[in-house]
Amino acid sequence: MKWNRISVLTIALGLFLMAGSGAFAQQEEMTEEQAMQKIQQLEKRTSELKRQQTALDNQLAEKNKVLKQKQDDYEKCIDELYALVGATRQDVDAFEARLKRLENKVAELLRLSPMDLLARKNEVDDAEEEYKNLAGNKISLLPAFYDRVQRMGENIRTLRETLSRAEKTYVVGTWAKDRDCLWNIAKKPDIYGDAFKWPKIWQKNRDQIKNPDIIFPGQVLKVPAPSPLTPEEESAARRYYRMKREAEMGGGMDTGASPENVNK
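Here this note's numbering is used: position 84 in the sequence shown is 507, and no number is missing along the way.
In structure tokens:
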């Protein structure tokens, strides 16, 4: 059985080789006329392919020309649009960079807890100031920025609402019972634990405290989040101490400095 299989395979291989030899022989036996016909067919096919390539190149060039014209028209429209708000492309790029930075900062603040946000209130103030500057710029009216700036205003309001819920208040007691003055209030452990931070309370409540030496029982004071004195608060404190020294050197002028006299 094994030898029979080998014989069949051998015969099949032989027939295949004979058929191949015949085909090769036919190719080798192509006449000169047949060869010329074959060459002409190939040249005709090559010429047709070149014609098609030229047509495609022309179509592509025409489409590129139309595309360039549309791009030029678009760029012209953009320049005209920017001109309506009195801006250049550089102005718009700078505006977008500022808006992006503000968006990132506000997104970070929105993720904070109310108390953490209160501790970073200065950053909310800065963000709101930057928002006002951007919203007041005519570039904010461009379609690319209008919705983003409006959203920013909503987010700033959300931050303000969160701060208003988190901000601590203090009801002033009497001097006789509570020894309340700005110095002593700031010194309380649940306020700042640091008497020297009294200017923070003063500056936060300027609407109801004209003279920091004079507060009244029952006043509800807003207490800013614990933080170092701001430059404005330090400046107010220096001005207060300077005026106090000048008043004392000027003949013992009464400034209302004694809490015993003003907060009973």
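Glycine residues also receive a C-beta, built at the ideal position from the N, C-alpha and C atoms. Bear in mind the structure is a predicted one, so any value in this text is a computation, not a measurement.
Use the C-beta contact count for residue i: other C-beta atoms within 10 angstroms, 16 or more gives buried, fewer gives exposed.
| i | result |
| --- | --- |
| C604 | buried |
| K620 | buried |
| D502 | exposed |
| V594 | exposed |
| K623 | buried |
| A484 | exposed |
| A517 | exposed |
| N628 | buried |
| P537 | exposed |
| L582 | buried |
| V489 | exposed |
| P647 | buried |
| L479 | exposed |
| L557 | buried |
Based on Cα-Cα distance, which residue from the options lies nearest to residue i?
| i | options | result |
| --- | --- | --- |
| D549 | R521, T511 and Q476 | R521 |
| E553 | E519, N634, L535 and T585 | E519 |
| R602 | I637, R580 and N556 | I637 |
| L415 | Y664, R668 and T592 | Residue 415 falls outside the range modelled here, since the chain spans only 424 to 687, and no answer is possible. |
| P651 | A609, R534 and G559 | A609 |
| T585 | L535, G596 and K633 | L535 |
| T597 | D570, P640, R571 and Q464 | P640 |
So, for residue i: in the same chain, excluding its five sequence neighbours on each side, which residues have a beta-carbon less than 7 angstroms away from its beta-carbon?
| i | result |
| --- | --- |
| T368 | Shown here, the chain extends from 424 to 687; a query on residue 368 therefore has no answer. |
| Q631 | Q642 |
| V508 | K561, I562, L564 and L565 |
| E655 | Q626 |
| W606 | A618 and W621 |
| D514 | I562 |
Within the same chain, show all residues whose beta-carbon is closer than 6 angstroms to that of residue i, passing over the 5 residues directly before and after it, in chain order.
| i | result |
| --- | --- |
| P649 | Y615 |
| L659 | Note on identity: in this sequence residue 659 is Ala, with Leu being the wrong assignment. Correct list, in chain order: P622 and Q626. |
| A446 | For A446, the pLDDT reaches just 46, beneath the cut-off of 50, and the residue's location in the model is therefore unreliable, leaving the point undetermined. |
| E551 | I579 |
| G559 | none |
| A448 | Note that A448 scores 46 on pLDDT, short of 50, meaning its location in the model is unreliable and no value can be drawn from it. |
Is there at least one non-hydrogen atom of the ligand FAD closer than 7 angstroms to the beta-carbon of residue i?
| i | result |
| --- | --- |
| K488 | The ligand FAD is not part of this structure, which contains no ligands at all. |
Short of 8 angstroms in beta carbon distance, which residues of its chain neighbour residue i, apart from the five on each side in sequence? Order them along the chain.
| i | result |
| --- | --- |
| M424 | With a pLDDT of 47 at M424, under the threshold of 50, the predicted position of this residue should be treated as unreliable, though the coordinate-derived value follows. Contacts found: none. |
| P635 | L605, W621, P622, W625 and Y663 |
| L532 | L540, R543, E546, V547, A550 and L582 |
| E657 | P622 |
| R588 | P537 |
| R571 | L522 and E526 |
Checking contacts by CB at 8 angstroms: is residue i closer than that to chain C?
| i | result |
| --- | --- |
| A670 | Chain labels in this structure do not include chain C; a single protein chain is all it has. |
Next item on the list: Kindly confirm or deny that the region 516-532 and the region 567-575 touch, where touching means at least three C-beta pairs closer than 8 angstroms.
Entry: The region 516-532 vs the region 567-575: in contact.
Note to self: Check whether the region 558-567 and the region 532-545 touch, using three or more Cβ-Cβ pairs below 8 angstroms as the test.
What the structure shows: Output reads no: the region 532-545 does not touch the region 558-567.
Item checked: Contiguous alpha helix (DSSP H) assignments of at least 4 residues, all confined to the region 558-590 -> Within the region 558-590, complete alpha helix (DSSP H) segments of at least 4 residues are found at 566-589, given in chain order.
Next item on the list: Please go through the region 463-543 and give each complete alpha helix (DSSP H) segment of 4 or more residues, from N-terminal end onward.
Entry: The qualifying runs are 512-533 and 537-542.
Check: Can you list, in chain order, the stretches of the beta strand (DSSP E) that have 3 or more residues and sit fully within the region 625-672?
Finding: Here the runs fully enclosed are 643-646.
Check: Can you give, in chain order, each stretch of the alpha helix (DSSP H) that sits fully within the region 591-626 and has at least 4 residues?
Finding: Taking only runs of at least 4 residues, the alpha helix (DSSP H) segments lying wholly in the region 591-626 are 598-601 and 605-610.
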